[in-house]
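Chains as they are written, first to last, in my numbering: chain A, 30 to 296; chain B, 244 to 611.
Below is one structure; the comments refer to it alone.
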Amino acid sequence: MSERDTEPTSERDAVLRTENLRKKFGGLTAADDVTVEVERGTITGMIGPNGAGKSTFFNLVSGFYQPDGGTVVVNDTETTVMEPHEVTEHGLVRTFQTPRKLEGMTVREAMLIGPQNQLGESVVPLFTQPAAVGDEERANLERAEELLGRFEIDHLADQPATDISGGQLKLVELARAMLAEPDLLLLDEPVAGVNPTLANKLADIIEELNDDGITFLIIEHDMGFIMDLADPIVVLNQGAVLMEGTPAEVRSDDRVVEAYLGSGGGA
Amino acid sequence: MPEDTRSAFEGGEDTSQERIESATNVVLAVAALGLLAGALFGLISPRYLVFLVSLAGMYALLSLGLNVQWGYAGLINFSVAAFFGLGAYVPVLLSASGSPITDALPPIAGLFVAVVVTVLLALAIGIPTLSLREDYLAIASLGLAEVVRLVVRNQENWTGGTGGLGGIPLFFEGVPVLGTLARDIGTVDVGFYTLGFQFWNSLLNAALVGAFVLGSYLVLRRMHRSPWGRVLRTIRSDEDLAEALGKNTYAFRMQAFVLGSVVAMLAGVYYAYSNYYLTPDIFDPIYTFYAWIAVILGGSGSNRGALFGGVVIVTIVEGTRSLGIGASWRLFAVGLLIVLVMRFRPQGVLPPRDELIWPSARGGEADE
Chain A
30 MSERDTEPTS
40 ERDAVLRTEN
50 LRKKFGGLTA
60 ADDVTVEVER
70 GTITGMIGPN
80 GAGKSTFFNL
90 VSGFYQPDGG
100 TVVVNDTETT
110 VMEPHEVTEH
120 GLVRTFQTPR
130 KLEGMTVREA
140 MLIGPQNQLG
150 ESVVPLFTQP
160 AAVGDEERAN
170 LERAEELLGR
180 FEIDHLADQP
190 ATDISGGQLK
200 LVELARAMLA
210 EPDLLLLDEP
220 VAGVNPTLAN
230 KLADIIEELN
240 DDGITFLIIE
250 HDMGFIMDLA
260 DPIVVLNQGA
270 VLMEGTPAEV
280 RSDDRVVEAY
290 LGSGGGA
Chain B
244 MPEDTRSAFE
254 GGEDTSQERI
264 ESATNVVLAV
274 AALGLLAGAL
284 FGLISPRYLV
294 FLVSLAGMYA
304 LLSLGLNVQW
314 GYAGLINFSV
324 AAFFGLGAYV
334 PVLLSASGSP
344 ITDALPPIAG
354 LFVAVVVTVL
364 LALAIGIPTL
374 SLREDYLAIA
384 SLGLAEVVRL
394 VVRNQENWTG
404 GTGGLGGIPL
414 FFEGVPVLGT
424 LARDIGTVDV
434 GFYTLGFQFW
444 NSLLNAALVG
454 AFVLGSYLVL
464 RRMHRSPWGR
474 VLRTIRSDED
484 LAEALGKNTY
494 AFRMQAFVLG
504 SVVAMLAGVY
514 YAYSNYYLTP
524 DIFDPIYTFY
534 AWIAVILGGS
544 GSNRGALFGG
554 VVIVTIVEGT
564 RSLGIGASWR
574 LFAVGLLIVL
584 VMRFRPQGVL
594 PPRDELIWPS
604 ARGGEADE
């Protein structure tokens with residue numbers, strides 16, 4: 030964490046740790062020496078005004094962007110220069126702000142992309158071990174059905190994945206990400222465009238999964254949602270960490286208010 | 244797991260799909276019966292009939308190969324003709340008496356060399372381009388296909404150049420029984436016709452292309468209805484999502500590109516050994532576009548559609564030829580067909596369905 034860090038970094042069990050992460054796009058500094066730790070077992074929130082560098086941070090730690098400097102450590106393994114799929118193998122799974130719908134698949138089929146290292150994803154076993162591929166597929170189907178049931182979206186299983194609503198898609202995304210068995214799940218605006226009832230349901234599910242041992246890092250603009258759900262909360266502004274604290278600390282910090290409303294308004 | 248895990252695309256999602264499939268089957272059956280009747284009543288020579296069926300198989304191979312690349316993985320590949328040409332040239336350059344390189348190898352050995360060369364060329368194109376966005380692959384593959392065509396046309400000391408290659412042996416030359424079968428059968432009188440060596444040899448070539456099509460179809464169908472096929476379909480819709488879920492999209496795209504190229508290459512093997520002479524015309528980009536038309540028409544991602552597309556291409560190419568319609572009108576017909584399909588049936592005639600879960604895991608079905 031930045032200069033306001035209250036604990037020495039080495040003593041925390043961090044599932045994700047970044048140090049001095051930097052990324053520039055031309056003249057724009059999108060990540061400016063970002064040092065953040067996500068402690069295992071927490072639901073950590075990440076907020077900041079538009080353009081603060083939240084999505085850039087997600088892209089950097091998940092391997093979609095290569096940083097210009099700094100390091101990323103996931104589960105004690107440095108993943109700084111890894112490809113996204115390699116980062117995922119180390120336990121970090123992410124979702125996207127605006128997920129694209131998978132064409133030509135049912136929700137059930139779309140769910141089955143989640144499990145990692147499936148035997149049937151390699152060509153040779155399809156011909157040499159068809160029974161083993163079938164057994165694994167059945168087991169994955171059962172887990173998928175179970176998750177769809179848990180998220181109360183099992184009635185969508187046979188629907189074309191292109192026909193479900195945006196909110197339902199968020200639930201499917203979360204359920205699918207669980208099939209990848211992540212240690213840390215990065216959610217990028219999980220309730221953007223989602224009605225309040227579904228948002229509450231999503232919050233309950235996230236808390237349940239957190240109780241099961243999944244760590245969350247969540248970007249969200251809905252302040253009510255994130256302040257109720259997350260602790261601690263990291264605030265980014267202009268590519269840099271502005272502060273980290275409990276929801277109450279964040280709410281009462283003048284710099285956060287200023288970052289959101291602009292210094293001109295309050296001065 | 245529920246009893247019935249069939250997809251919505253399979254069942255009663257739209258009866259219009261079922262009607263179109265039934266209509267397609269009827270049209271194909273009527274066309275097949277018509278051709279058979281034509282042969283029985285002396286209107287179409289049996290050899291031409293066999294040639295038509297073989298040609299449909301050849302175009303089906305081109306479209307099956309492209310379907311793996313475009314239909315499964317979303318790769319825009321404009322180098323189908325290059326691999327088609329390789330399939331013809333590599334075995335012929337190693338087996339034909341007119342080859343400037345050697346005629347020492349039997350054609351079947353040449354086929355295996357062609358597989359290796361195809362894999363190497365596909366890797367050579369794929370390595371620099373598949374990590375880029377799909378439009379770069381489109382441009383690079385088109386450029387590379389032209390490079391291959393121009394090299395074959397101009398490197399006379401390697402390829403025979405524009406003069407082409409003669410002295411092409413029978414494909415089964417040197418193979419026990421099959422190598423001499425066409426001669427051994429001799430002439431047989433059937434109805435209006437006397438069937439001789441040419442007919443039996445055409446039949447053997449038809450069996451060859453039939454085996455290629457059947458083998459490719461069965462292999463590709465199994466691969467598509469698997470976790471492997473599912474990942475490719477995901478990459479086609481959203482590559483970032485596939486990466487975020489731990490899939491090495493570059494490796495999957497490469498596999499699809501190489502596999503599709505090998506299938507397209509097989510079409511070239513048939514082409515070479517069903518002709519007495521081979522010229523660089525086989526590298527003409529029109530074959531690439533025929534393959535694209537077949538895939539789009541049949542339904543991107545559908546193996547059945549790719550087979551159907553192959554049949555339609557032969558119908559257009561040979562049908563217009565039989566009716567004495569010129570090449571420019573043929574291209575016009577093809578273009579018109581594409582416009583009509585895109586306007587009224589953008590998903591193709593036989594779009595993919597229920598092919599993304601391993602069959603034995605689907606509620607006890609075993610319909611691989």
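All C-beta atoms, glycine included, are put in the ideal place defined by N, C-alpha and C.
Note that the structure is a prediction, hence the values are computed from the model and not measured.
Simplified DSSP assignment, three categories, for residue i
i: residue 281 (chain A); result: helix
i: residue 321 (chain A); result: Lying outside 30 to 296, the shown extent of chain A, residue 321 (chain A) is not represented and no answer is given.
i: residue 105 (chain A); result: coil
i: residue 49 (chain A); result: strand
i: residue 244 (chain A); result: strand
i: residue 220 (chain A); result: coil
i: residue 54 (chain A); result: strand
i: residue 353 (chain B); result: helix
i: residue 344 (chain B); result: coil
i: residue 42 (chain A); result: coil
i: residue 542 (chain B); result: coil
i: residue 251 (chain A); result: coil
i: residue 592 (chain B); result: coil
i: residue 62 (chain A); result: strand
i: residue 110 (chain A); result: coil
i: residue 237 (chain A); result: helix
i: residue 120 (chain A); result: coil
i: residue 253 (chain B); result: Note that residue 253 (chain B) scores 45 on pLDDT, short of 50, meaning its location in the model is unreliable and no value can be drawn from it.
i: residue 287 (chain A); result: helix
i: residue 552 (chain B); result: helix
i: residue 75 (chain A); result: strand
i: residue 562 (chain B); result: helix
Beta-carbon spacing of residue i, residue j below 8 Å
i: residue 361 (chain B); j: residue 466 (chain B); result: no
i: residue 421 (chain B); j: residue 415 (chain B); result: yes
i: residue 449 (chain B); j: residue 297 (chain B); result: yes
i: residue 209 (chain A); j: residue 488 (chain B); result: yes
i: residue 499 (chain B); j: residue 316 (chain B); result: yes
i: residue 116 (chain A); j: residue 211 (chain A); result: no
i: residue 354 (chain B); j: residue 334 (chain B); result: yes
i: residue 523 (chain B); j: residue 396 (chain B); result: yes
i: residue 106 (chain A); j: residue 47 (chain A); result: no
Presumed contact (8 Å Cβ cut-off) between residue i and residue j, rounded CB distance
i: residue 67 (chain A); j: residue 213 (chain A); result: 6 Å
i: residue 549 (chain B); j: residue 318 (chain B); result: Not really, about 15 Å apart at Cβ, beyond 8 Å.
i: residue 358 (chain B); j: residue 337 (chain B); result: Their Cβ separation, rounded to whole angstroms, is 13 Å, which puts residue 358 (chain B) and residue 337 (chain B) out of contact at 8 Å.
i: residue 60 (chain A); j: residue 77 (chain A); result: Their Cβ separation, rounded to whole angstroms, is 12 Å, which puts residue 60 (chain A) and residue 77 (chain A) out of contact at 8 Å.
i: residue 469 (chain B); j: residue 155 (chain A); result: 5 Å
i: residue 348 (chain B); j: residue 501 (chain B); result: That belief does not hold up - the Cβ atoms of residue 348 (chain B) and residue 501 (chain B) are roughly 23 Å apart, past 8 Å.
i: residue 220 (chain A); j: residue 202 (chain A); result: The pair is not a contact, with the Cβ atoms about 12 Å apart (cut-off 8 Å).
Residue closest to residue i, alpha-carbon to alpha-carbon, out of the options
i: residue 149 (chain A); options: A:157, A:80, A:173, A:162; result: A:162
i: residue 310 (chain B); options: B:578, B:586, B:544, B:552; result: B:544
i: residue 392 (chain B); options: B:321, B:411, B:436; result: B:321
i: residue 551 (chain B); options: B:592, B:480, B:275; result: B:592
i: residue 113 (chain A); options: A:217, A:206, A:94, A:157; result: A:94
i: residue 239 (chain A); options: A:64, A:207, A:217, A:252; result: A:207
i: residue 263 (chain B); options: B:594, B:343, B:604; result: B:594
i: residue 230 (chain A); options: A:241, A:111, A:254; result: A:254
i: residue 190 (chain A); options: A:50, A:138, A:232; result: A:138
i: residue 300 (chain B); options: B:483, B:460, B:496, B:332; result: B:460
i: residue 378 (chain B); options: B:313, B:341, B:454, B:268; result: B:313
i: residue 204 (chain A); options: A:237, A:224, A:153, A:221; result: A:237
i: residue 50 (chain A); options: A:56, A:154, A:42, A:65; result: A:65
i: residue 152 (chain A); options: B:290, B:471, B:586; result: B:471
i: residue 604 (chain B); options: A:141, A:218, A:184; result: A:141
i: residue 330 (chain B); options: B:381, B:350, B:344, B:440; result: B:350
i: residue 404 (chain B); options: B:534, B:537, B:526; result: B:526
i: residue 267 (chain A); options: A:74, A:85, A:72; result: A:85
i: residue 328 (chain B); options: B:566, B:513, B:541, B:580; result: B:513
i: residue 399 (chain B); options: B:343, B:370, B:352, B:363; result: B:343
i: residue 233 (chain A); options: A:257, A:197, A:252; result: A:257
Any non-hydrogen atom of the ligand PLP within 7 Å of residue i CB
i: residue 127 (chain A); result: The ligand PLP is absent from the structure shown, which contains no ligand whatsoever.
Q.
Which runs of the beta strand (DSSP E) at least 3 residues long sit entirely within the region 460-528 of chain B? Give them in chain order.
A. none
(Q) To test your reading of the DSSP string, which unbroken alpha helix (DSSP H) runs of 4 or more residues are found completely within the region 143-216 of chain A? (A) 152-157, 159-179, 195-208
Q) What runs of the beta strand (DSSP E), each 3 residues or longer, lie entirely inside the region 389-468 of chain B? A) Annotation: the region 389-468 of chain B contains the following complete segments of the beta strand (DSSP E) (minimum length 3 residues), in chain order: 431-433, 436-438.
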